[in-house]
Amino acid sequence: MKLHNYFRSSASFRVRIALELKGLAYDYVAVQLTRDEHRQAHYAGLSADGLVPLLEAEGEKLSQSMAIIEYLDEVHPAPALLPADALGRARVRALAQSIACEIHPLNNLRVLRYLVRDLHVNGEEKDQWYHHWCREGLEAFERQLARLPASAYCYGSTPTLADCCLVPQIYNASRFKVNLDGLPLTMAAYHACMALPAFQKSHPSACPDSQA
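Numbered per the working numbering, the sequence shown spans residues 1259 to 1470.
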């Protein structure tokens, strides 16, 4: 397998975590978003949406991190990233989508660039935008966790799709200095994950294209 990704991309980070949790080997192909490599002809020929991550597997090209992770979970079912029961799967998908669909789209690189380059929002206002939507989303995530059975992770006794989404979001929130106080269940799940080798190996600081 070959993963085209960018070290700071939350969506890329999710897929790296899933690959490491499953112990799957892959070739790491860096796509530097800050240098617009995703817009160049070579990458456009691979990726219809021009986004990262892109996974090449079994002669196919797969996009969108959530779809990629569920594909990996179906083709390589152990360890499972979704519960065996329908209700459990729905709970985990809801947690994952709270981040992937509610927080991340408002704060990804191309949105922040548009705010600055096209709408001429200054740096402080851009950070306020990020802080507002990230914090509001994480508070909603915390409320969801509070209604679920107690767990060291987001759900159940092992990391799931929800944890694959949570850890990259907290990484980026920390980078943007979002207030993470008052989120005890969320942060406990984050720290439990970061104690595991799979999350450490997939961390942006461990990536070949990592930059300070």
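All C-beta atoms in this analysis are idealised placements derived from N, C-alpha and C, irrespective of residue type, glycine included.
Since we're looking at a predicted model, the values are computed, not measured.
- Item | Where residue 1321 falls: helix, strand or coil (DSSP) | strand
- Hey, out of 1280, 1279 and 1310, whose CA is closest to residue 1292's CA? 1310
- Item | Alpha-carbon to alpha-carbon, residue 1301 and residue 1453 | 35 Å
- Cβ neighbour criterion (16 or more within 10 Å) applied to residue 1417: Label assigned to residue 1417: buried.
- Query: Which residues in the same chain as residue 1260 place their Cβ atom closer than 7 Å to its Cβ, once the five residues preceding and following it in sequence are excluded?
  - Reply: 1284, 1285, 1287 and 1314
- Item | 7 Å CB neighbourhood of residue 1367 in its chain, flanking five on each side removed | 1291
- Message: Using DSSP's beta-bridge definition, name the partner residues of residue 1287.
- Response: When DSSP reads this structure, residue 1287 sits in a beta bridge with 1262.
- Query: Is residue 1316 helix, strand or coil when you go by DSSP?
  - Reply: coil
- Query: DSSP state of residue 1411, grouped into three classes?
  - Reply: coil
- Task: Under 8 Å Cβ to Cβ from residue 1402, same chain only, skipping five residues before and after it: list those, please.
- Result: Excluding positions up to five away in sequence, the list reads 1352, 1353 and 1356.
- Message: Rounded to whole angstroms, what is the Cα-Cα separation between residue 1395 and residue 1303?
- Response: Rounded to the nearest angstrom, the two C-alpha atoms are 35 Å apart.
- Task: Leaving aside the five residues before and after residue 1331 along the sequence, list all residues of the same chain whose C-beta is less than 7 Å from its C-beta, in chain order.
- Result: Around residue 1331: 1338, 1339 and 1340.
- Mind reading off the beta-carbon distance from residue 1347 to residue 1406? Whole number of angstroms is fine, and I expect it under 8 Å. Contact doesn't hold; Cβ gap of about 13 Å is too wide.
- If you run the structure through DSSP and keep just helix, strand and coil, what is residue 1294? coil
- Query: Is the region 1408-1427 touching the region 1440-1459, taking contact as three or more C-beta pairs under 8 Å?
  - Reply: yes
- Under 8 Å between C-beta atoms of residue 1471 and residue 1266: Nothing can be reported for residue 1471: it is not among the residues displayed for the chain, which extend from 1259 to 1470.
- Query: Could you give the distance in angstroms between the alpha-carbon of residue 1409 and the alpha-carbon of residue 1447?
  - Reply: 8 Å
- Span separating the alpha-carbon of residue 1335 from that of residue 1361: 28 Å
- Item | Environment of residue 1374 [buried if 16+ CB atoms lie within 10 Å] | exposed
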